[in-house]
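One structure is given here, and the rest of the page talks about it.
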Amino acid sequence: MGRKLPPSLFVDWSTLGKLWSNYVTKRQLPLTALRAFAAIYETGGIRPAARTLGIAHSAVSRSLRELEAHLGVDLIERVAGRRLLTFTDEGHRVGKTALDAFGKLTRTLDSVARIEGRASVHLESTSSLATRWLFPRLGDFETALPWVELSITIDQRIALPGRMRSDLALRMGQGPWDGFACEPLMDDELVAVASPEFLKNHNGIDWRHLPLLHDRDPEAAWSIWQDAFGGLGENRSAGPRYSSGDLVLRAAERSMGVALSRRVLAEESLIAGTLCDVGDGRSIPLPSSLWLVSHAHKQPRKPVARVKEWLRAQSATCRAS
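Position one of the sequence shown corresponds to residue 1 (my numbering), numbered consecutively onward.
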């Protein structure tokens with residue numbers, strides 16, 4: 001019979017397998033949790049990170065706890081009664097590194113996509129501008145740039161410098177904005193508009209008694225029209241208020257009153273005849289009203305440059321008309 005091995009030389013394969021599994025698990029990068037923490041660090045909170053990622057805030061909180069358990073350190077300071085999120089020194093280190101790493105990964109993937117012939121461009125806009133000016137022109141875009149996949153997202157706010165997630169942004173208002181490359185695309189003007197049915201039901205325009213529709217846009221307030229042309233009396237502050245220029249125009253198209261609108265938003269409805277200019281040829285100029293915003297100090301990719309050219313051509317057509 002062969003010699004028996006001493007007990008110390010027997011291998012417990014089950015225990016060894018568990019030890020190896022634990023080692024591998026600890027060595028693996030928790031990418032999902034890291035992505036969630038990068039969003040927390042970038043946005044400064046759990047809920048805004050959840051909105052950015054499009055997931056429930058409970059899932060973001062769970063990812064944060066999992067990452068802290070994996071690292072064995074706290075990444076945020078938990079102080080009773082404090083609502084603002086404060087990062088520990090380790091949290092700052094991990095957050096900055098994660099943001100940088102995911103940024104590099106995104107740029108690399110974009111580069112690979114270009115090599116494979118897929119050209120994607122991400123454009124941000126406000127809801128009114130996208131609905132009223134951009135969408136009616138997308139048919140022309142498909143004809144002019146069929147090789148570009150244009151993704152459009154809605155964001156009412158100008159991003160913080162260095163936080164712009166899109167390639168380009170279309171904005172209305174008083175630019176330029178610090179930290180971005182801002183190009184004025186065209187001037188605009190305020191026009192008073194109403195539906196043909198509304199005009200039919202109101203014999204003549206008596207500005208003192210007409211129902212006025214109000215926009216939250218400070219550059220499209222009826223007080224501006226009153227200062228320029230008068231005639232509104234106390235009526236200038238009465239009437240319903242809407243959160244966007246698109247909603248104001250929709251209300252006017254449904255004969256609910258007279259809207260004061262940027263022409264760039266009302267143009268398609270004026271051409272289609274669903275709205276009429278009721279200002280007797282009067283308008284209020286808005287110089288440099290439409291802006292093309294992009295990353296400062298960053299050479300645009302070829303498809304981004306071509307989309308910029310297309311937007312310039314579209315705005316030039318508006319000016320010519």
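Idealized CB from N, CA, C, for every residue including glycine.
Same chain only: Cβ atoms within 6 Å of residue i, ignoring 5 sequence neighbours per side
{"i": "Arg216", "result": "Ser243"}
{"i": "Pro210", "result": "Here residue 210 turns out to be Leu, not Pro, going by the sequence shown. The answer, listed in chain order, is Val258."}
{"i": "Pro303", "result": "Ala119, Val121 and Val148"}
{"i": "Gln156", "result": "Thr126"}
{"i": "Ile158", "result": "Trp177"}
{"i": "Arg47", "result": "His57"}
{"i": "Ala313", "result": "none"}
{"i": "Val307", "result": "Val121"}
{"i": "Val248", "result": "Leu213, Asp215, Tyr242 and Ala259"}
{"i": "Ala36", "result": "Val60 and Ser63"}
Other residues of its chain near residue i: CB distance less than 8 Å, five sequence neighbours each side excluded
{"i": "Gly233", "result": "Trp207 and Arg208"}
{"i": "Asp246", "result": "Ser127, Ser128, Thr131, Arg132 and Leu265"}
{"i": "Ser151", "result": "Ser120, Val121, His122 and Leu123"}
{"i": "Ile271", "result": "none"}
{"i": "Ala305", "result": "none"}
Presumed contact (8 Å Cβ cut-off) between residue i and residue j, rounded CB distance
{"i": "Ser125", "j": "Leu170", "result": "4 Å"}
{"i": "Leu290", "j": "Ser261", "result": "So it is not a contact: roughly 14 Å between Cβ atoms."}
{"i": "Pro136", "j": "Glu268", "result": "5 Å"}
{"i": "Leu168", "j": "Val73", "result": "At roughly 39 Å, the Cβ-Cβ gap does not stay under 8 Å, so Leu168 and Val73 are not in contact."}
{"i": "Leu29", "j": "Ala39", "result": "The Cβ separation is near 16 Å, so there is no contact."}
{"i": "Val191", "j": "Ser283", "result": "5 Å"}
{"i": "Asn85", "j": "Gly44", "result": "One point to set straight first is that residue 85 is Leu, not Asn, in the sequence displayed. About 6 Å; that satisfies the 8 Å criterion."}
{"i": "Ala69", "j": "Val60", "result": "That belief does not hold up - the Cβ atoms of Ala69 and Val60 are roughly 15 Å apart, past 8 Å."}
{"i": "His327", "j": "Arg250", "result": "Only positions 1 to 321 of the chain appear in this structure, which leaves residue 327 out of reach."}
{"i": "Ser195", "j": "Leu138", "result": "Between Leu138 and Ser195 the Cβ distance is about 25 Å, and since that is not below 8 Å, they are no contact."}
{"i": "Gly175", "j": "Pro184", "result": "7 Å"}
Nearest-angstrom Cα separation, counted from residue j out to residue i
{"i": "Phe180", "j": "Leu123", "result": "15 Å"}
{"i": "Trp20", "j": "Leu75", "result": "Unreliable positioning characterises Trp20 in this predicted model, as indicated by a pLDDT of 49, which lies under 50. A coordinate reading is not provided."}
{"i": "Gly95", "j": "Lys104", "result": "14 Å"}
{"i": "Trp310", "j": "Glu189", "result": "22 Å"}
{"i": "Glu66", "j": "Thr153", "result": "31 Å"}
{"i": "Ile55", "j": "Leu34", "result": "15 Å"}
{"i": "His92", "j": "Asp187", "result": "44 Å"}
{"i": "Glu142", "j": "Ser58", "result": "40 Å"}
{"i": "Glu219", "j": "Ser63", "result": "43 Å"}
{"i": "Met164", "j": "Gly273", "result": "38 Å"}
{"i": "Leu286", "j": "Arg301", "result": "32 Å"}
{"i": "Thr97", "j": "Glu90", "result": "11 Å"}
{"i": "Leu9", "j": "Leu31", "result": "Only weak support exists for where Leu9 lies, its pLDDT of 42 falling under 50; the value from the coordinates is given anyway. If I take the Cα positions, the gap works out to 39 Å."}
{"i": "Cys318", "j": "Arg107", "result": "34 Å"}
{"i": "Ala140", "j": "Asn201", "result": "It is worth fixing the name first, because residue 140 is Asp in this sequence and not Ala. Roughly 37 Å between the two C-alpha positions."}
{"i": "Leu134", "j": "Val79", "result": "47 Å"}
{"i": "Ala238", "j": "Gly230", "result": "15 Å"}
{"i": "Ser288", "j": "Cys182", "result": "11 Å"}
{"i": "Glu42", "j": "Lys298", "result": "20 Å"}
{"i": "His407", "j": "Ser166", "result": "Because the chain in this structure spans residues 1 to 321, residue 407 falls outside the shown range and cannot be described."}
{"i": "Ala101", "j": "Arg51", "result": "21 Å"}
Residue i, enclosing beta strand (DSSP E) - first and last residue
{"i": "Arg137", "result": "Where Arg137 is concerned, there is no enclosing beta strand (DSSP E), given that its DSSP letter is neither H nor E."}
{"i": "Ala119", "result": "Ala119 to Ser125"}
{"i": "Val258", "result": "Val258 to Arg262"}
Neighbourhood of residue i by C-beta, 7 Å cutoff - its chain only, sequence neighbours within 5 removed
{"i": "Ile205", "result": "Val278"}
{"i": "Phe198", "result": "Ser255"}
{"i": "Ala228", "result": "Ile284"}
{"i": "Glu77", "result": "Thr86 and Thr88"}
{"i": "Leu71", "result": "none"}
{"i": "Gly117", "result": "At Gly117 the pLDDT is 49, less than 50, meaning the model places this residue with poor confidence; the figure from the coordinates comes in the next sentence. Contacts found: none."}
{"i": "Glu253", "result": "Ser195, Ser269, Thr274 and Leu275"}
For residue i, the first and last residue of its enclosing alpha helix (DSSP H)
{"i": "Leu249", "result": "Gly245 to Glu253"}
*Can you give, in chain order, each stretch of the alpha helix (DSSP H) that sits fully within the segment 148-224 and has at least 4 residues?*
Runs found: 196-201.
*Completely contained alpha helix (DSSP H) runs for the segment 22-77, where each covers 4 or more residues*: As far as the segment 22-77 is concerned, its whole alpha helix (DSSP H) runs of at least 4 residues are 31-43, 46-53 and 57-71.
*asked:* So within the segment 287-320, which uninterrupted alpha helix (DSSP H) runs reach at least 4 residues, ignoring any that extend past its ends?
replied: Those alpha helix (DSSP H) runs which fall completely within the segment 287-320 and span 4+ residues are 302-320.
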